[in-house]
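Asker: Numbering (full-length UniProt numbering), first residue to last: 1 to 631. The structure's right below; bear with me while I get my questions together.
What follows is the structure in structure tokens.
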């Protein structure tokens, strides 16, 4: 056993600030929850004085932490690989045991977790791309060990393992069923298991309720090895649909996606081995793409890069066109609305027609669908790729007229395409007029900067700038002396509920141009103005950051109000948010050698809220106390 020595252990000096700087507040909070839930198992010291442990998450991960020259490093077999909540949990578990003087065993040089991490770091695959479950040296050791036993002893040994590890027993049973020709049973079980996944609805942090996609993958691999490619394609389509439901309901961090993707990789390998005709394979991929809402089958697109004959493309176009005729665009309140599923289908038909040598038919379909489903962008893109500018411009104006009222997003994208055409022509005055129209109808820092950039290129910024600033202060549109032409298309009326002065944009401009005096001026006016009620487009923290160097007391006052407002909410999440502002107050006061003022302020908060235990724990972290002191 390795005896912990608090006095000489450099990790004993770690503070919460150190941990937060390393991993971030969100990850530290989750790691702390993991450690308190007892998810860290079999903690051990590595030969180079680091730490290694099993950490239970979506599955059980091997996690290693090292501390060198005052800096933390981590490696984990979870999808995030390095600095993660599992690593934070290992650090906290170690410090907890250090505080309790608990012995920690030494990990051997051939500890399987270290070998897993070494293999993981190398990508977890051999040069041929196939997974190698065990490193070669471990295989050699296992072979030497097993060779000591005769057949009867090996049967007894294996039987004992099967009784202890039900999952291994199930996998072996599946192999026996396949050998005995009972694949229908395995396929039926897979259908049931995959179909059942969408019923999981109570998932929060109870990882025992996560669907066992590893088992699904292993069974799929067995079927692929035995040549059941057609059945796998059917199962894969079912998994795409049910898996999308699971991801939508449960997958906060992408970990479930990471489990489903390898299953679908097995399914994709079955596609070229199946008995489907080439066109049927193409149709299967189309269906998979339409069912895949969460990129669970990321490699499926490579199928289209393989060679297909013009005849195959023509047959695909015919089959998909038959489907299209059965689909009806969804009616909205004012005409036909877009159907993304329909657009995806027609895009594939258009591609198929083009590759079948029927470009005219593809263009006619593109035009028809543009007016039917408002998919003008696709048609305009076609003409622009062909450098057919006049045709593109004609359909841009048609599209804007059709979509301006009910689909302003489409109209805006079409107008952007018109701007690109004007860029091709070198018509900077027209481009600048578009940007001015954007600014006056939707004033913001973004539209102001776009207007500035375009005006500078047109050489008229000195004339435009006074009108823009006057508009933000008064709301009056430009009059005599405005140097730009009217925009070619009028997109929409002025935004609803605009009030002037436009404090949000004025403050944003002052912050962007590093004018703290104007930041304070407009901020103070906005606070006292009756016209400026409710939500603001900037946050007080950003204001404080912008003025802290020149007006530290104003910044501190803003941060104090924000911190105290969060503390008043009486919940741990709000306390953690308050800590962010308190930390900035501390840093500002310390930088001005006003440590006593900080100490007095923090003491007052402690006294006022002495019954809020969670808050006091968070305040301990602000005082740069060691993590161990609060354990």
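Don't be surprised by glycine CBs; every beta carbon is placed ideally from N, CA and C. Computed from a prediction, not measured in an experiment: that's the story for all the values here.
1) Which word fits residue 373, buried or exposed, when buried means at least 16 other C-beta atoms lie within 10 angstroms of its C-beta?
2) Can you grab the Cα-Cα spacing for the pair residue 506 / residue 542, in whole Å?
3) Given this structure, state the Cα-to-Cα distance separating residue 445 from residue 89, to the nearest angstrom.
4) Would you report the Cα separation of residue 620 and residue 37, rounded to the nearest angstrom?
5) How many angstroms separate the CA atom of residue 586 from the CA atom of residue 449?
6) For residue 63, does the three-state DSSP call read helix, strand or coil?
7) In the structure shown, what three-state DSSP assignment does residue 295 receive?
8) I need the boundaries of the alpha helix (DSSP H) containing residue 42, first residue and last residue.
9) Looking only at its own chain, which residues have a Cβ that is under 7 Å from the Cβ of residue 609, when we skip the five neighbours before and after it?
10) For residue 106, does the three-state DSSP call read helix, strand or coil?
11) Mind checking residue 317: buried by the 16 CB within 10 Å criterion, or exposed?
12) Compute the beta-carbon to beta-carbon distance between residue 114 and residue 52, rounded to the nearest angstrom, for a pair I have assumed lies under 8 Å.
13) Looking only at DSSP bridge pairs, what is residue 309 linked to?
14) So, are the CB atoms of residue 215 and residue 256 less than 9 Å apart?
15) Just reading off the alpha helix (DSSP H) that residue 555 is part of, what are its end residues?
16) Only counting the same chain, and skipping five residues up and downstream in sequence, which positions put a Cβ closer than 6 Å to that of residue 346?
17) What first and last residue would you give for the alpha helix (DSSP H) that runs through residue 248?
18) I need the boundaries of the beta strand (DSSP E) containing residue 383, first residue and last residue.
19) Per DSSP, what kind of secondary structure is residue 76 in: helix, strand or coil?
20) What are the complete alpha helix (DSSP H) segments, minimum 4 residues, inside the region 581-629?
21) Are the CB atoms of residue 502 and residue 443 within a distance shorter than 9 Å?
22) For residue 406, which three-state DSSP category applies?
23) What do you reckon, are the CB atoms on residue 16 and residue 431 nearer than 9 Å?
24) What number of angstroms, rounded off, separates the C-alpha of residue 557 from the C-alpha of residue 563?
25) Within 10 angstroms of the Cβ of residue 119, are there 16 or more other Cβ atoms? Answer buried if so, exposed if not.
26) Could you compute how far the alpha carbon of residue 112 sits from the alpha carbon of residue 81?
27) Near residue 475, what residues of its chain come up, given a Cβ to Cβ distance below 6 Å and the 5 sequence neighbours on each side ignored?
28) May I have the straight-line CA-CA distance separating residue 601 from residue 28, to the nearest angstrom?
Answerer: Put simply:
1) buried
2) 14 Å
3) 42 Å
4) 22 Å
5) 35 Å
6) strand
7) coil
8) Per DSSP, residue 42 belongs to no alpha helix (DSSP H); it is in the beta strand (DSSP E), 40-45.
9) 567, 615
10) strand
11) buried
12) 6 Å
13) According to DSSP, residue 309 bridges with nothing at all.
14) no
15) 552-567
16) 369
17) 229-250
18) Not the beta strand (DSSP E): residue 383 falls in the alpha helix (DSSP H), residues 376-385.
19) strand
20) 595-608, 613-622
21) yes
22) coil
23) no
24) 10 Å
25) buried
26) 17 Å
27) 500
28) 26 Å
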